[in-house]
Amino acid sequence: MTVFDRLEAIFPPDRVITDPVRLRTYECDGLTYHRATPMVVVLPETAEEVAATVRVCAEFGVPFVARGSGTGLSGGALPRSDGVLIVTSRMRRILSVDLDRRQAVVEPGVTNLAITEAVRDRGYYYAPDPSSQQICSIGGNVAENSGGAHCLKYGFTVNHVQALEIVTPDGDVIEISEDDFGYDLLGAFVGSEGTLGIATKITVRLMRAPEAVTTLLAAFEGIEAGGQAVTSIIAAGIVPAAIEMMDALAIEAAEAAVACGYPADAGAVLIVELDGPASEVEAQLAEVIAICVATGSFEQRVAASADERAKIWKGRKSAFAAVGRISPAYIVQDGVVPRTCLGEVLAGIDALQEEFGIRVANVFHAGDGNLHPLVLFDDAAPGEGERAEVVSGRILDLCITHGGSITGEHGVGVDKARYMPRMFTDADLDTMQRVRCAFDPGGRSNPGKVFPTPRLCGEVPRVRKGSPGEIF
Amino acid sequence: MLGHTRVTIRDGGPADAVGGVVPRWVALPESVEEISVVLGACADADLAVTPAGGRTKLCWANPPERLDVLLDLSAMREVLEHVAGDLVVRVQAGIPVARLAETLAGAGQELALDVPFPEATIGGTLAAPSPGPRAFRYGNARDLLIGVTVVLSDGTIARAGGKVVKNVAGYDLGKLFTGSYGTLGVIAEATFRLHPLPADRRWLTFECEGWEDAGELLRSQLEPSAVEIDHPAEGLTTLAALFEGPAARDRAEAAREVLGGGEVRAEAPSWWGRPPGLPLASLRCHVPPHVPEGVSVRGSLATGVYLAAGAADLDAWRSRLPADARLVGLAGEFTGDRWGPIPSLPLMRRVKERFDPERRMSPGRLAGGV
Ligand SMILES: Cc1cc2nc3c(=O)[nH]c(=O)nc-3n(C[C@H](O)[C@H](O)[C@@H](O)COP(=O)(O)OP(=O)(O)OC[C@H]3O[C@@H](n4cnc5c(N)ncnc54)[C@H](O)[C@@H]3O)c2cc1C
Ligand SMILES: Cc1cc2nc3c(=O)[nH]c(=O)nc-3n(C[C@H](O)[C@H](O)[C@H](O)COP(=O)(O)OP(=O)(O)OC[C@H]3O[C@@H](n4cnc5c(N)ncnc54)[C@H](O)[C@@H]3O)c2cc1C
Chain A
77 MTVFDRLEAI FPPDRVITDP VRLRTYECDG LTYHRATPMV VVLPETAEEV AATVRVCAEF
137 GVPFVARGSG TGLSGGALPR SDGVLIVTSR MRRILSVDLD RRQAVVEPGV TNLAITEAVR
197 DRGYYYAPDP SSQQICSIGG NVAENSGGAH CLKYGFTVNH VQALEIVTPD GDVIEISEDD
257 FGYDLLGAFV GSEGTLGIAT KITVRLMRAP EAVTTLLAAF EGIEAGGQAV TSIIAAGIVP
317 AAIEMMDALA IEAAEAAVAC GYPADAGAVL IVELDGPASE VEAQLAEVIA ICVATGSFEQ
377 RVAASADERA KIWKGRKSAF AAVGRISPAY IVQDGVVPRT CLGEVLAGID ALQEEFGIRV
437 ANVFHAGDGN LHPLVLFDDA APGEGERAEV VSGRILDLCI THGGSITGEH GVGVDKARYM
497 PRMFTDADLD TMQRVRCAFD PGGRSNPGKV FPTPRLCGEV PRVRKGSPGE IF
Chain B
3 MLGHTRVTIR DGGPADAVGG VVPRWVALPE SVEEISVVLG ACADADLAVT PAGGRTKLCW
63 ANPPERLDVL LDLSAMREVL EHVAGDLVVR VQAGIPVARL AETLAGAGQE LALDVPFPEA
123 TIGGTLAAPS PGPRAFRYGN ARDLLIGVTV VLSDGTIARA GGKVVKNVAG YDLGKLFTGS
183 YGTLGVIAEA TFRLHPLPAD RRWLTFECEG WEDAGELLRS QLEPSAVEID HPAEGLTTLA
243 ALFEGPAARD RAEAAREVLG GGEVRAEAPS WWGRPPGLPL ASLRCHVPPH VPEGVSVRGS
303 LATGVYLAAG AADLDAWRSR LPADARLVGL AGEFTGDRWG PIPSLPLMRR VKERFDPERR
363 MSPGRLAGGV
């Protein structure tokens, strides 16, 4: 019996893929320069099928990798050529919606936006909104603890998931819930990038749609002035739903791609969205506009309709892809700095552009200090790709030296595992490894991701019988 | 007596008991390194340790199976870093929540937790969390925690998270340690995201017959920060909702219209966010629960998280609750099973084994010997 025989006994032929051409569809996620062809792909429709697959992997000592929609930007869903890729695209049912409990239970392959679409007409929504929300799966969101523009006020995936059914790396199906008394295993699982098991059922919190939403576009001469406005808004005690910033290069790209019509001579634009009870939103909008003017904004536009709001957001949401219009190739970076260091770090990125002759477009979640520098290069020009790599790495160093993080929402995956030791000590990483060993002692669940060097778990040490000596 | 560690140590006494178990010594570390030295020394001698903060909940959950050293964090009570512009604060775990609140209020900010006991510490609040009223809006302690320093039973010092509000690098050990009741290690330092203090706060209180009235409020767009119910063993049930923000008063008045009555005040009702009495149980139920005679229940209709007093036979009550409801005995005497079902218990056991294989950290305080 081989792994293939066993999988073919679990799945009908159309849901086990071994054909090399079809396998190649799955060779990478959104980070396309890491590629591997999986040994085999399965398309389960139930948790039981996922569990059976994982048990086969356990039996043969074969690794497995979960994959949702493959939009990840850190190579998290990069397959193993010696392993099974478990794709959730056939697990797309919304199992229940209960508006009295403000809760929905969904399968992992359901797209992020599908949840909101299922309840929007009744005045509810699912808050985390990654820019990829039309495509990315909720299972992938759980694995990455994905954020989005509106996370400033509402938090990330981890703040909106109430329970999970998971298949453990041993193939057991276990429910973990915020209602469980004891360790917050739910909090540990969310953001674990598929290394602790596979989520097969997800209970999410739904929120009542706000009474009023207003979106402001403010144009500045440069990114420093925009940054100052962000600092002042936060300092004034206002928590907008979102504060996003784009610099001149990002604006140029968005204009070329989707003609978003931002003020032509802006060196930076700020998008500020306020939501909540109408009476509060109105007062806050006036205050935010005053702050923007005081910090040098030369033009402010308030969206008067849903259409106008969508138009303002269109430029921002298309920014990653849009950069393709002004550069043959680019690296999407994801780092975080304390909000008060934004100005300094952006100046540091400017200096890197000069030093290396590499352009960087900045699009970011300014409200929570989450930078998405887009490092532009021409892959046909010799050496440019390497220089872009260096600039991209240096940006992370800037984030770390300012007390920030190497990733705010795209995850570590394969891409940043080597940076982990710059942020964490060996003791920190060994301690995280204890969590890994508790869930996955065999190291079969998405191995090679997140952590820089593979570590073995070993047996649980035996209880040592010390003598209560005369220490004290 | 603690020659080589130089950490302040005194003999334990009845006042230091944890659920009736008296420790032989009390250690008072003053830094992360001192915690590590103490735990290292305890590992060498196989001494069992229980951390203590403000000691307001030290008796909650099971007594430890064994206890030699009470690790008292009361000497670690500093704000280490408060960057108001970042809305972030880093503190030592022994800082009382009330003391922290004072510092933060000076900058017009708060840690949005409702801890009713001024002596309660940050470490205790993380290790033994029990959501307060505003958890509906701001989440629980785990949702506000962005970074942590912990010390494990072998003295290992480990950090996770950081001091930025958004960060997905590595596993979130801080979350894992919330709810751990001192069984995984010691929380030594913690970093939180803060919120601006709201411009105004108004409470709407409303005496009601049943629990259904709150539904209208939750379906409205008035965005209460909390919707609480006080259901005493005898007498009328009260519903109360908190509104925060510059227009809090208008919104509370509008909510009054929705409910068709009630009173709007600038102060919280006296029972707001306080435990209803003993024996105390935690109830999680997402539909209005059945409440037995003689039992009082207080908590959030919005999140389905309540505290209940006066029920000793939890098994009997559980049999009248939906299967996914959870009822756990926190403090006091209970007959039968105080824990009820915990589906993820097998995984918790495995985590415990990896973090504390020799079972020195508050062994047996949680369900299933964890
Ligand atoms: C009505 C009510 C409302 C509450 N509201 C909230 C709320 O809004 N949010 C919230 O999160 N909590 C809330 N709590 C929980 C409560 O505030 C905490 O449990 C806290 O008060 C305990 O703090 P303490 O310092 O007194 O801990 P202690 O009583 O000293 O210890 C409690 C437990 O934590 C362990 N422990 C203490 N310090 C540490 C440490 N540094 N490292 C590891 N383990 C440690 C102890 O071993 C013990 O098991 C509420 C409780 C009640 C009754
Ligand atoms: C244009 C674009 C914009 C983006 N914008 C954002 C943004 O604003 N915010 C943001 O946070 N991210 C963003 N992303 C990144 C990406 O969309 C998210 O990380 C998303 O959550 C990935 O979901 P997915 O279904 O595509 O997962 P995949 O890429 O398929 O997988 C991601 C990881 O999740 C694991 N995984 C997948 N399903 C499961 C499961 N059921 N159980 C356990 N592990 C699982 C995989 O093993 C892998 O490690 C963006 C990506 C693109 C391409």
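Protein sequences appear in the order of chains A and B.
Going by this note's numbering, the first sequence opens with residue 77, and the numbers climb by one from there.
Going by this note's numbering, the second sequence opens with residue 3, and the numbers climb by one from there.
Note that the Cβ used here is the ideal one computed from N, Cα and C, for glycine as well.
_Report the CB separation of S213 (chain A) from G144 (chain A) in whole angstroms; it is logged as a contact under 8 Å._
Here residue 213 (chain A) refers to the residue found at position 137 when the first sequence is read from its first residue. Here residue 144 (chain A) refers to the residue found at position 68 when the first sequence is read from its first residue. That belief holds up - the Cβ atoms of S213 (chain A) and G144 (chain A) are roughly 3 Å apart, short of 8 Å.
*Please find out if some non-hydrogen atom of ligand 2 comes closer than 7 Å to the beta-carbon of F34 (chain A).*
Since the first and last residues shown for chain A are 77 and 548, residue 34 (chain A) lies out of range.
_Min CB distance R352 (chain B) to chain A below 8 Å_ = One-based indexing of the second sequence puts residue 352 (chain B) at position 350. With a threshold of 8 Å between beta carbons, R352 (chain B) makes contact with chain A.
*Would the beta-carbon of I482 (chain A) fall within 8 Å of that of G411 (chain A)?*
Here residue 482 (chain A) is taken as the residue at index 406 of the first sequence, counted from 1. Here residue 411 (chain A) is taken as the residue at index 335 of the first sequence, counted from 1. Less than 8 Å divides the Cβ of I482 (chain A) from the Cβ of G411 (chain A).
*What beta strand (DSSP E) runs, 3 residues minimum, are completely inside the stretch 30-78 of chain B?*
51-54 and 71-74, all fully within the stretch 30-78 of chain B.
*Kindly say whether F257 (chain A), judged by its beta-carbon, lies nearer than 8 Å to any beta-carbon of chain B.*
Residue mapping note: residue 257 (chain A) aligns to position 181 of the first sequence, counting from 1. With 8 Å as the cut-off, F257 (chain A) counts as an interface residue toward chain B.
_Proximity winner among B:G157, B:F179 and B:V152, relative to A143 (chain B) (alpha-carbon distances)_ = Stepping through the second sequence from its first residue, residue 143 (chain B) is reached at position 141. Per the Cα distances, B:F179.
*Would you say N64 (chain B) reaches chain A, if we count a Cβ-Cβ gap shorter than 8 Å as a contact?*
In the second sequence, residue 64 (chain B) corresponds to position 62, counting from 1. At a cut-off of 8 Å between beta-carbon atoms, N64 (chain B) makes no contact with chain A.
*Coarse secondary structure for A325 (chain B), derived from DSSP in three states*: One-based indexing of the second sequence puts residue 325 (chain B) at position 323. If DSSP states are grouped into helix, strand and coil, A325 (chain B) belongs with coil.
*Would you decide whether F232 (chain A) is buried or exposed? Buried here means 16 or more other CB atoms lie within 10 Å of its CB.*
Working through the first sequence from its first residue, we reach residue 232 (chain A) at position 156. Buried.
_If you reduce the DSSP assignment to three classes, tell me which class L199 (chain B) lands in._
Position 197 of the second sequence, counted from the start, is the residue given in the question as residue 199 (chain B). L199 (chain B): coil per DSSP, three-state reduction.
*For G267 (chain A), decide whether its Cβ has a neighbour in chain B, counting only Cβ atoms nearer than 8 Å.*
Taking the first sequence and counting its residues from 1, the one referred to as residue 267 (chain A) is at position 191. So, interface residue.
*H6 (chain B), buried or exposed, once every other Cβ within 10 Å from all chains shown has been counted against 16*: Against the second sequence, residue 6 (chain B) aligns to sequence position 4. Label assigned to H6 (chain B): exposed.
*Chain-ordered neighbours of L261 (chain A) on chain B, where CB pairs are closer than 8 Å*: The residue you call residue 261 (chain A) lines up with position 185 of the first sequence. In chain order: L178, S346, L349, M350 and V353.
*So what does DSSP say about V446 (chain A), is it helix, strand or coil?*
Residue numbering aside, residue 446 (chain A) sits at position 370 when the first sequence is read from its first letter. The sequence given here has Asn at residue 446 (chain A), not Val. Here N446 (chain A) sits in strand by DSSP.
*Report the rounded CA-to-CA distance for W213 (chain B) versus G148 (chain A), giving the unit in angstroms.*
Within the second sequence, numbered from 1, the residue matching residue 213 (chain B) stands at position 211. Within the first sequence, numbered from 1, the residue matching residue 148 (chain A) stands at position 72. Between W213 (chain B) and G148 (chain A), the C-alpha separation is close to 44 Å.
*Does any CB atom of chain A fall closer than 8 Å to the CB of H84 (chain B)?*
The sequence position of residue 84 (chain B) within the second sequence is 82, counting from 1. Cβ-Cβ to chain A under 8 Å: no for H84 (chain B).
*Are the Cβ atoms of V399 (chain B) and V71 (chain B) separated by less than 8 Å?*
Residue 399 (chain B) is absent from the structure shown; chain B starts at 3 and stops at 372.
_Which of helix, strand or coil DSSP assigns to Y109 (chain A)_ = Here residue 109 (chain A) corresponds to residue number 33 of the first sequence, with the count starting at 1. Three-state result, Y109 (chain A): coil.
*Closer than 8 Å, CB to CB, is G479 (chain A) near chain B or not?*
Looking up residue 479 (chain A) in the first sequence gives position 403. True, the Cβ-Cβ gap to chain B drops below 8 Å.
*Can you find a C-beta in chain B that's less than 8 Å from the C-beta of S468 (chain A)?*
Within the first sequence, the letter at position 392 stands for residue 468 (chain A). Contact with chain B is absent for S468 (chain A), since none of that chain's Cβ atoms lies less than 8 Å from the residue's Cβ.
*Verify the CB distance criterion: does E300 (chain A) have a CB-CB separation below 8 Å to chain B?*
Looking up residue 300 (chain A) in the first sequence gives position 224. No, E300 (chain A) lies away from the interface with chain B (no Cβ there is under 8 Å from its Cβ).
_Distance cut-off 7 Å: G275 (chain B) Cβ against heavy atoms of ligand 1_ = The count along the second sequence starts at 1 and reaches residue 275 (chain B) at position 273. Yes, ligand 1 has a heavy atom inside 7 Å of this Cβ.
*Going by beta carbon distance, what residues of the same chain come within less than 6 Å of I365 (chain A), once the five residues before and after it are set aside?*
In the first sequence, the residue the question calls residue 365 (chain A) occupies position 289. The residues are Q376.
*asked:* Using 8 Å for Cβ pairs, my map puts R203 (chain B) next to E246 (chain B). What's the rounded Cβ distance?
replied: As a first step, residue 203 (chain B) must be located in the second sequence, where it is residue number 201. As a first step, residue 246 (chain B) must be located in the second sequence, where it is residue number 244. A Cβ-Cβ separation of about 5 Å places R203 (chain B) in contact with E246 (chain B) under the 8 Å criterion.
*Distance, G187 (chain B) Cα to R418 (chain B) Cα*: Because residue 418 (chain B) is not part of the residues shown, which for chain B are 3 to 372, the question remains open.
*Going along the chain, which residues of its own chain have a beta-carbon closer than 6 Å to the beta-carbon of M3 (chain B), five neighbours each way excluded?*
As a first step, residue 3 (chain B) is located in the second sequence; it is residue number 1 there, counting from the start. The predicted position of M3 (chain B) is uncertain, since its pLDDT is 45 and thus under 50; no value can be drawn from it.
*V9 (chain B) to L106 (chain B) span [Cα, whole Å]*: Start at 1 with the first residue of the second sequence, and residue 9 (chain B) comes out as number 7. Start at 1 with the first residue of the second sequence, and residue 106 (chain B) comes out as number 104. Those two C-alpha atoms are separated by around 30 Å.
*State yes or no: is the C-beta of P551 (chain A) nearer than 7 Å to some heavy atom of ligand 2?*
The shown model of chain A, from 77 to 548, leaves out residue 551 (chain A), and the question about it has no answer.
*For D246 (chain A), which residues of its own chain have a beta-carbon under 7 Å away from its beta-carbon, when the five flanking residues on both sides are left out?*
Position 170 of the first sequence, counted from the start, is the residue given in the question as residue 246 (chain A). Short of 7 Å from the beta carbon of D246 (chain A), and not among the five residues preceding or following it, lie these beta carbons of its own chain, in chain order: A134.
*For Y308 (chain B), does the three-state DSSP call read helix, strand or coil?*
Residue numbering aside, residue 308 (chain B) sits at position 306 when the second sequence is read from its first letter. Reduced to three states, the DSSP call for Y308 (chain B) is strand.
_Against chain A, does V372 (chain B) count as a neighbour if the rule is that its beta carbon must be under 8 Å from one of theirs?_
The residue labelled residue 372 (chain B) in the question sits at position 370 within the second sequence. Yes, its Cβ sits closer than 8 Å to a Cβ of chain A.
_Between A137 (chain B) and chain A, is any beta-carbon pair separated by less than 8 Å?_
Residue mapping note: residue 137 (chain B) aligns to position 135 of the second sequence, counting from 1. Cβ-Cβ to chain A under 8 Å: no for A137 (chain B).
_Can you confirm whether W274 (chain B), when its beta carbon is compared against all beta carbons of chain A, has any partner nearer than 8 Å?_
The residue given as residue 274 (chain B) occupies position 272 in the second sequence. At a cut-off of 8 Å between beta-carbon atoms, W274 (chain B) makes no contact with chain A.
*asked:* According to DSSP, S302 (chain B) sits in a beta bridge with which residue or residues?
replied: Residue numbering aside, residue 302 (chain B) sits at position 300 when the second sequence is read from its first letter. Bridge partners of S302 (chain B): B:E230 and B:V307.
_Could you check whether G273 (chain A) and V243 (chain A) sit closer than 8 Å to each other, using their CB atoms as the reference points?_
Position 167 of the first sequence, counting from 1, holds the residue named residue 243 (chain A). Position 197 of the first sequence, counting from 1, holds the residue named residue 273 (chain A). Yes. Within cutoff.
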